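J.: Sharing a structure here in structure tokens format.
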Amino acid sequence: MPTRYRMSWYYNGDNRATGNSALARRIPRSIHTFDAFLNPNYRLLWVSNFFAYISRWMQMTMLGWYVFEVTGSAFLVTLVGFSGMGPLVLLGVFGGVLADRLDKRKLLLCTLFANLLAATGMAALIFTDLIFATSNLQYWHAYLVMLVGGIGWGLDMPSRRTIVLDVLGRARVNNAIALDSVGMHSSRMLGPLIGGALISVSLALFIDGQGLEAGYAVTLIFFIISAVMMLNVKTPARDVTAAAQASWNILRNLIEGIRYVASEATLLAVVLITVFMNLLLFPYQQLIPVVAAEVLHVGPALMGLLLAFEGLGALTGSIGIASWSNLTHHGRVYLFGSLAGLTMLLVFSFSQWYGLSLALMLMLGLGTAGFGAMQATIILLVARDDMRGRGLGVITLAIGAGPIGALMLGWMADEIGAPRAMTINAVLGLITVGLVGLLAPSLRGRMTSDSEAERAESSAAQPATAGGGN
-5 MPTRYRMSWY YNGDNRATGN SALARRIPRS IHTFDAFLNP NYRLLWVSNF FAYISRWMQM
55 TMLGWYVFEV TGSAFLVTLV GFSGMGPLVL LGVFGGVLAD RLDKRKLLLC TLFANLLAAT
115 GMAALIFTDL IFATSNLQYW HAYLVMLVGG IGWGLDMPSR RTIVLDVLGR ARVNNAIALD
175 SVGMHSSRML GPLIGGALIS VSLALFIDGQ GLEAGYAVTL IFFIISAVMM LNVKTPARDV
235 TAAAQASWNI LRNLIEGIRY VASEATLLAV VLITVFMNLL LFPYQQLIPV VAAEVLHVGP
295 ALMGLLLAFE GLGALTGSIG IASWSNLTHH GRVYLFGSLA GLTMLLVFSF SQWYGLSLAL
355 MLMLGLGTAG FGAMQATIIL LVARDDMRGR GLGVITLAIG AGPIGALMLG WMADEIGAPR
415 AMTINAVLGL ITVGLVGLLA PSLRGRMTSD SEAERAESSA AQPATAGGGN
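This is how it looks when you write it as structure tokens:
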């Protein structure tokens, strides 16, 4: 094989390098953006995650619009997000324990089928009302569907990230997580765009419908695709003996995970920024239906486009990060991306022009790409092997601040209006995230994986050993 090309490798039972040579020959060695896709198992995993992500964003957009149409209340709209994110508060660390103890692929399949079942129930209500002219569908059904998704999200989020290491190993973890973020951010672009467009299609086709008919038909198809892809993912056999001997004491694992994170300054900074970003920035997404209707005066299709532009910015940023093969200062990307996103939210809160709002959403997404891509990567690089799942579980717990932030923002929006509520959140976010960045210099330093550190220590030790021998 010519030296300018590199053979791909993937798990084949004994972790030896095996070639996916047809694809590898087409990708020059200098191009690293899609290295992880050379692994066939990672491709299946990526596609499965992508369709799961896009289904989640479609539902979030469609159900948020539906609740606002029925109730006219910003607070009740934010309850959609609360239902989808609330379980993370209780299940985040438990999900991390499951990631360290169980077969991650089987866990992901279980949560996928639960989401499929909930979406099927929602679709049944929607089409029953359409066909039989009944009124079975109520706005609170949206909360139940999102609650099922939230429970699954809390249980499987750590597994979705740690399974990457099972499939690829440590060598390509930065590229693999960045590409997973590309899929996540693509779904943030396409999910709201497709969801908003399908609301308009349903309203045009079904005069007596709810506006959700076409969207839920597509959502069911996407969940099925996700499950089929996951069924075909192959992962290495688990160490059953070690898993059986591991403790299932959830409280002890929770305390161990929190203590470990608290003892590592870099990990603690990542968790704190995750709390503040989910508490103060990301809840704005729940208010987009309100802002679109009351401030920008646009319909569901343009509402979806607004969220899609944020996803486009995040996608563009994630691709750039995935291409950054020699990235070592992961924390700087994480910190400054977070601050950039909060700054754009502050400016967005004052915008009354749709075109300007689109541009600001694009730039906000660019900022949050750094936050999203580096969050799990830093944990995977810094945490000990036996604490990695619990470390991501603590991150999932921190993400659980999102539903609390959504309720706070929804209450403020009903009291003082959505724009002012977002202004307050953006200012508080800039202050808190900025302080964490100042007080945690290790977050801004160089980061390497454990294997790189071991090689560096070994190289440094060799000359000393040789000298002593002479």
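Just so we're aligned, residue -5 is where the sequence shown starts under our numbering, counting upward by one. Yeah, the Cβ is synthetic: ideal placement off N, Cα and C, and Gly gets one too. These figures come from a predicted structure and were not determined experimentally.
1. For A417, which residues of its own chain have a beta-carbon under 6 Å away from its beta-carbon, when the five flanking residues on both sides are left out?
2. For the putative contact between G205 and M297, defined by C-beta atoms under 8 Å, what is the C-beta separation to the nearest angstrom?
3. The alpha helix (DSSP H) spanning A334 covers which residue range?
4. To the nearest angstrom, how far is the alpha carbon of L101 from that of L309?
5. Less than 9 Å separating the beta-carbons of T371 and G335?
6. Between the region 385 to 399 and the region 260 to 270, do at least 3 Cβ pairs fall closer than 8 Å?
7. State the start and end residues of the unbroken alpha helix (DSSP H) segment that holds F76.
8. Whose C-alpha, out of L290, S257 and L245, is nearest the C-alpha of V91?
9. What are the complete alpha helix (DSSP H) segments, minimum 4 residues, inside the region 149 to 215?
10. Can you give me the C-alpha to C-alpha distance between L360 and Q346, rounded to a whole angstrom?
11. In three-state terms, what does DSSP make of A353?
12. Only counting the same chain, and skipping five residues up and downstream in sequence, which positions put a Cβ closer than 7 Å to that of S129?
13. Hey, R50 and G185: beta-carbon distance below 9 Å or not?
14. Figure out for me which residue from L192, L225 and A208 has the closest Cα to the Cα of A118.
15. CB-CB under 6 Å to A46, same chain, minus the five flanking residues each way: which ones, in chain order?
16. Quick one: residues in its chain with C-beta nearer than 7 Å to the C-beta of I48, no 5 flanking neighbours on either side, listed in chain order?
17. Output the distance between the C-alpha atoms of L356 and G307, rounded to the nearest integer angstrom.
18. Which whole-angstrom value is the C-beta distance of S175 and G366, which I expect to be below 8 Å?
19. Answer yes or no: do G431 and L437 have a C-beta to C-beta separation smaller than 9 Å?
20. Report the rounded CA-to-CA distance for L110 versus G75, giving the unit in angstroms.
21. Take N496 as the anchor and find which of P277, T337, D150 and N169 has the nearest alpha-carbon.
22. Please state the DSSP three-state secondary structure of L391.
23. So which of Y210, L300, L261 and P81 has the shortest CA-CA distance to W147?
24. Using the rule of at least 16 other Cβ atoms within 10 Å of the residue's Cβ for burial, across every protein chain shown, is G66 buried or exposed?
25. Indicate the three-state DSSP secondary structure (helix, strand or coil) for H135 in the structure shown.
26. Assign Q496 to one of three DSSP states: helix, strand, or coil.
27. Could you tell me which of F126, G439, F107 and K98 sits nearest to L473, measuring between CA atoms?
28. Kindly give me the distance between the Cβ atoms of T497 and L401, rounded to whole angstroms, as I take these residues to be in contact under 8 Å.
29. Expressed to the nearest angstrom, what Euclidean distance is found between the alpha-carbon atoms of A440 and S312?
30. Let me know if L85 comes out buried or exposed under the rule of 16 or more other beta-carbons within 10 Å of its beta-carbon.
31. Using DSSP with H/G/I as helix, E/B as strand and the rest coil, what is K100?
32. Report the residue from M381, L433 and V142 whose alpha carbon sits nearest the alpha carbon of G251.
33. Please report how far the alpha carbon of G331 lies from the alpha carbon of H291, in whole angstroms.
34. Nearest to Y348 by CA position, among G314, A415 and G293, is which residue?
35. Hey, how far is the Cα of M140 from the Cα of G58?
36. Over what stretch of residues does the alpha helix (DSSP H) that includes Y47 continue unbroken?
T.: On the basis of the data shown:
1. The identity of residue 417 in the sequence shown is Thr, whereas the question assumes Ala. Counting only Cβ-Cβ distances below 6 Å, and skipping sequence neighbours, we find S343.
2. Rounded, the Cβ-Cβ distance is 12 Å, inconsistent with contact.
3. H324 to F342
4. 27 Å
5. no
6. yes
7. A68 to M79
8. L245
9. 167 to 199
10. 21 Å
11. helix
12. D123
13. yes
14. A208
15. S220
16. S181, L184, G185 and F216
17. 4 Å
18. 5 Å
19. yes
20. 19 Å
21. The structure shown has nothing for residue 496, since the chain only spans -5 to 464.
22. helix
23. P81
24. exposed
25. helix
26. Since the first and last residues shown for the chain are -5 and 464, residue 496 lies out of range.
27. As displayed, the chain neither begins before -5 nor continues past 464, which places residue 473 out of reach and without an answer.
28. For residue 497 there is no data in the structure shown, the boundaries of the chain being -5 and 464.
29. According to the sequence as given, residue 440 is Arg; it is not Ala. Using only the alpha carbons, I get a separation of about 20 Å.
30. buried
31. helix
32. M381
33. 30 Å
34. G293
35. 11 Å
36. P34 to T65
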